[in-house]
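Residue numbers (the working numbering): 1 to 482.
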């Protein structure tokens, strides 16, 4: 257990976020597969705090339900009226039982780029310097809207944090800003919060006022300057949301490439934080890798592919394909233009080819469904070939039914398999067949009507048509040749 392990982390996620212009609470907007508050909770958990509480307010029930689903066991505290950050922290500490011994880290719920490493550095600085409070700061190109860090001209010590609306013209020129992330001595924090006033332009309890209170009482106030100012970017509108998504996506792709993944065109690839890779996998342009997708060694995905919660085996190839909760075995292939729906499992070296859709289908090793087919609710054995334009008719209007096709079968083009039906091993089926009955192993199944040619029908029924003229000419040529 780390000596810098905090006693508690308090995540502030109560704001409405009106500038998002959305019915979705701001902290529940997602980037790279995780909500804004989810990113913050994930980073906070890297500190291994003894306690973690998220202060919710606007749409609190929705936020609480989301956290319980994604991060089971996360505690929440409800701030009925959003009376400022200081008030929110008091609500959070009350949920934890009031006064907390040890370090209390406070983070904002709308800073998805904040990393666990940066929080760890903050906690370590706080402990090493023996501060009453340590603020995470950053030097930014444009400090508009942020609280400014005011330092002593003589010592460089932090003397105050002044909110933008309350800052003087000279203070607004300061480029070092407050990230909204702090490490506090828990006991001193609880005592200082009782002395925070609402004497400011917003009539709210500012958490930043605690710094001045503690400094006036003779306690040490310090700062930890973050290495990358982009980590502390808060999200207030859709423009900032898109920028954060871009930055996080770049970070994730860089991590993947340094781990041995080839990303041919990083600018056109999107991945989620939960995607995993093995070395020598390749990602082509226009690809989205979402959820718990995994690419094994040598897997090749794209271009123009979207995989969600999909596992791609070693050496498998996926081209121009959409897959959701599917599994491709080693050496398997999908596409171009395949759609693999939930429950699809391609065995080793199996194939779902061009314009093939599969759902809840287990495809055996070496089996091929090359083109223009639908396979739903089915099990197909090993080394079988399904003819073009085949349809597994699984739905009777009320219920889904299962089709089983054995190993080493050769089914004809334009077949219909009307479930429930079983086709044994080594079966051949004739093109154009509608298979409604079980087929024994080793059989040839023919299920189509007898062909009948009605000569002269076009001339009698369509005498003025181009077809009739062409037929007459062909007959005359044939007669002349004979």
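Virtual Cβ for every residue (Gly too), placed ideally from N, Cα, C.
Query	Result
Check each candidate in 316, 305, 286 and name the one with the smallest Cα separation from residue 280.	316
Kindly indicate which three-state DSSP category residue 324 falls into: helix, strand or coil?	strand
Give me whichever residues DSSP pairs with residue 294 in a beta bridge.	276, 311
Jot down the residue ranges of each uninterrupted alpha helix (DSSP H) in the stretch 53-88, minimum 4 residues, whole runs only, in chain order.	60-70
Residues bridged to residue 222 by DSSP?	134
Less than 8 Å between the CB atoms is what I'm expecting for residue 57 and residue 15, so what's the real figure, rounded?	7 Å
Per DSSP, what are the beta-bridge partners of residue 35 in this structure?	30
Short of 7 Å in beta carbon distance, which residues of its chain neighbour residue 113, apart from the five on each side in sequence? Order them along the chain.	230, 231, 233, 244, 247, 248
Do residue 290 and residue 309 come within 9 Å of each other at the CB atom, strictly closer than that value?	yes
To which residues does DSSP link residue 185 through a beta bridge?	103
With DSSP as the reference, identify every bridge partner of residue 151, one or two as the case may be.	158
Can you round the beta-carbon distance between residue 416 and residue 446 to whole angstroms, since I take them to be within the 8 Å contact cut?	Going by Cβ atoms, the distance from residue 416 to residue 446 rounds to 13 Å, so no, they are not a contact pair.
What are the boundary residues of the beta strand (DSSP E) that residue 371 is part of?	368-380
Give a yes or no on contact between the stretch 372-390 and the stretch 401-415, applying the rule of three or more CB pairs nearer than 8 Å.	yes
Flag this pair as touching only if the stretch 147-154 and the stretch 176-185 have three or more C-beta atom pairs under 8 Å; answer yes or no.	yes
Look at the alpha carbon of residue 217 and the alpha carbon of residue 136, and state the distance between them as a whole number of angstroms.	21 Å
So, with DSSP's three-state summary, where would you put residue 422?	strand
Applying the criterion that 16 or more other CB atoms from any shown protein chain within 10 Å of the CB defines a buried residue, is residue 1 buried or exposed?	Low per-residue confidence applies at residue 1: pLDDT is 44, beneath 50, and the placement is therefore not dependable, though the value from the model is reported in the following sentence. Exposed, because fewer than 16 other Cβ atoms sit within 10 Å of the Cβ of residue 1.
Apart from the five residues just before and just after residue 110, which ones in its own chain have a Cβ nearer than 7 Å to its Cβ?	26, 27, 36, 234, 235
Considering only C-alpha positions, which residue in the set 202, 197, 201, 223 is nearest to residue 213?	197
Reducing DSSP to helix, strand and coil, say where residue 455 ends up.	coil
Compare the beta carbon distance of residue 11 and residue 108 with 9 Å and say whether it is the shorter of the two.	yes
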